[in-house]
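So the sequence shown is numbered by UniProt numbering: it starts at 1 and just counts up by one. Yeah, the Cβ is synthetic: ideal placement off N, Cα and C, and Gly gets one too. Source: prediction; values computed, not measured.
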Amino acid sequence: MELLTTVEQCEKSQIAQWYAGKNILITGATGFMGKVLVEKLLRSCPEVKRIYLLIRSKKGVDPLIRKDQFFKCVIFNKILKENPEIANKIQVIKGDVLEKNLGLSANDTNVLVSNVEVIFHCAANVRFDQPLRPMVQMNVVGTLKLLQLAEKMANLQVIIHVSTSYCQCNESVLEERAYPAPQNPYDVIKMVEEMSDEALLEITPRLLNGLPNTYAYSKALTEDLICRYEKNLPIIITRPSIVTAAIKEPLPGWIEGVNGPTGLMIGAARGVIRSMHCNPDYSSTVIPVDTAINGMIIAGYNRSKSQEQGNVEFCNLCISKKALFSWGESIETGKRFF
1 MELLTTVEQC
11 EKSQIAQWYA
21 GKNILITGAT
31 GFMGKVLVEK
41 LLRSCPEVKR
51 IYLLIRSKKG
61 VDPLIRKDQF
71 FKCVIFNKIL
81 KENPEIANKI
91 QVIKGDVLEK
101 NLGLSANDTN
111 VLVSNVEVIF
121 HCAANVRFDQ
131 PLRPMVQMNV
141 VGTLKLLQLA
151 EKMANLQVII
161 HVSTSYCQCN
171 ESVLEERAYP
181 APQNPYDVIK
191 MVEEMSDEAL
201 LEITPRLLNG
211 LPNTYAYSKA
221 LTEDLICRYE
231 KNLPIIITRP
241 SIVTAAIKEP
251 LPGWIEGVNG
261 PTGLMIGAAR
271 GVIRSMHCNP
281 DYSSTVIPVD
291 TAINGMIIAG
301 YNRSKSQEQG
311 NVEFCNLCIS
321 KKALFSWGES
331 IETGKRFF
C-alpha cells in the first residue's frame with residue numbers, strides 16, 4: 001500500500017488528529033520496536049487518551065515495577081523532561097500472551113473490551129534458533145488469543161499486526177497480499193499441543209516446506225490465521241524488513257542490543273565474526289527502527305480510512321532501493337567505524 005506521507009509532515013494534521021483521544025493497546029511494548037513505538041506516540045500524537053501496555057511478570061519482577069524500569073530507558077529522557085505528566089497516559093495491564101485468556105483478570109478484560117480502539121500487536125518470539133513449540137505458542141497461539149479478545153471490543157477501529165518481510169522466503173517477490181500458509185494453522189496448533197518434543201523435532205523440516213527457520217514459518221502461519229478473521233475485524237499486517245538502529249528518532253543510532261546487522265558489523269570489526277553465509281553483493285534489506293515505526297503508525301491510520309472493509313490489508317515496510325547497501329559493504333563499514 002502507498003503511505004500517505006511521513007509522520008513528521010502530519011504531526012499536527014490528519015494522523016495525529018486521528019490518534020487524538022484514542023485508547024491504544026500495545027503488546028510487546030518492552031521490546032526494541034515496542035519502546036520506540038510508545039515514545040513516538042507520546043511525542044508525535046500527544047493527545048492520545050490512554051496507552052495500555054500488556055506486560056507480564058519477568059524473573060519475579062511485577063509488571064508495575066517493570067513500567068518504572070521501562071521509562072528509565074534513555075529514549076524517554078527528553079520527552080519526560082519536557083512533560084513529566086505524559087507518563088500518566090500509560091496504564092500497565094498485567095498479562096501474558098502465553099497464558100489462557102492472555103492472563104488477564106476479569107476487571108482488566110472489561111477495561112480493554114470497553115475502551116480499546118487501536119491495537120498494535122508487536123509481541124513475538126523473534127529467535128531464529130527456537131524449536132517449533134515455543135514459536136507456535138508465542139507467535140501463532142498468542143495472536144489467536146488476542147484476536148479472540150479483539151472480537152469483543154465494540155469500539156475497535158484497527159489492529160496493526162507486526163509480521164516480517166521474510167514470512168514468504170520462497171517467493172522471489174513479496175506482494176502486499178495474503179499467502180496461504182504451508183499448513184492449516186489450527187492443525188499445527190493442535191500438533192503442538194498434542195505431540196512430544198521428539199516427534200515435533202522430527203516432523204519440523206517437512207512442515208517448514210523450504211522456509212529457513214521456525215520464525216519465518218510461524219509468521220506465515222500467523223498471517224494465514226489472521227486472514228480468517230478478516231470479516232470480523234479491521235486488520236492491517238505490516239511487514240518490516242530487518243529492523244536496525246534508528247536513523248533519526250528518538251536518538252540517531254540508538255539500538256537495544258547487538259543483534260542483526262549491528263551485531264554483524266561489530267562482530268566483524270572485532271574479529272569475532274570471520275565468515276558469514278551470504279553473497280556479499282546481495283543487498284542487506286534493513287530498515288531503521290524509527291522508519292518502521294512511522295510506517296506502522298501511518299498504516300493504522302490508513303487502514304481506518306480504507307474502503308476495503310472485510311479484507312485484511314498488507315503493508316511491506318522496506319526502504320528504497322536507492323538506500324540499500326550490500327552485506328559486503330555492511331561488514332566493511334563495521335571495520336571502519338568499530
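With contacts defined by Cβ atoms closer than 8 Å, C167 and A216 form a contacting pair. Residue environment for K40: buried (at least 16 other C-beta atoms within 10 angstroms of its C-beta). Annotated three-state conformation of N125 is coil, per DSSP. Runs of the alpha helix (DSSP H) lying entirely within the region 214-298 and spanning at least 4 residues, in chain order: 214-227 and 260-270. Within its own chain, the residues whose Cβ lies closer than 8 Å to the Cβ of I226, once the five positions on either side in sequence are excluded, are T143, L147, H161, I235, I237 and V312, listed in chain order. According to the DSSP secondary-structure assignment, S330 is paired through a beta bridge with no residue. Note: C315 is bridge-paired with T238 in the DSSP secondary-structure output. Straight through space, the alpha carbons of S44 and W18 are spaced by roughly 12 Å. An exposed status is given to S105, since fewer than 16 other beta-carbon atoms sit within 10 Å of its beta-carbon. Excluding sequence positions up to five before and after N232, its CB lies within less than 8 Å of the CB of E151, all in the same chain and listed in chain order. Within the region 134-214, complete beta strand (DSSP E) segments of at least 3 residues are found at 158-162, given in chain order. With a cutoff of 8 Å on beta-carbon distance, G260 and I287 are scored as not near each other.
For Y52, DSSP records a beta bridge to L25 and Q91. The alpha carbon of N125 has as its nearest neighbour, out of L42, N77, M276 and T214, the alpha carbon of T214. In this structure, the alpha-carbon of F76 lies about 12 Å from that of W254. The three-state reading of DSSP puts V113 in helix, counting H, G and I together. For G103, there is no enclosing alpha helix (DSSP H), as DSSP marks it with neither H nor E. Residue nearest to C169 within the set R239, V111 and I159 is R239 (criterion: CA-CA distance). Taking a C-beta distance under 8 Å as the contact criterion, T244 and N139 do not qualify as a contact pair. When secondary structure is reduced to three states using DSSP, V118 falls in the strand class. Of the candidates M33, F314 and G295, the residue whose Cα lies closest to the Cα of F70 is M33.
In summary, R303 is buried, with 16 or more beta-carbon neighbours lying within 10 Å of its beta-carbon over all protein chains present. With respect to the C-alpha of R133, the residue from E198, C318 and L42 having the closest C-alpha is E198. Per DSSP, V38 is one residue of the alpha helix (DSSP H) stretching across F32 to S44.
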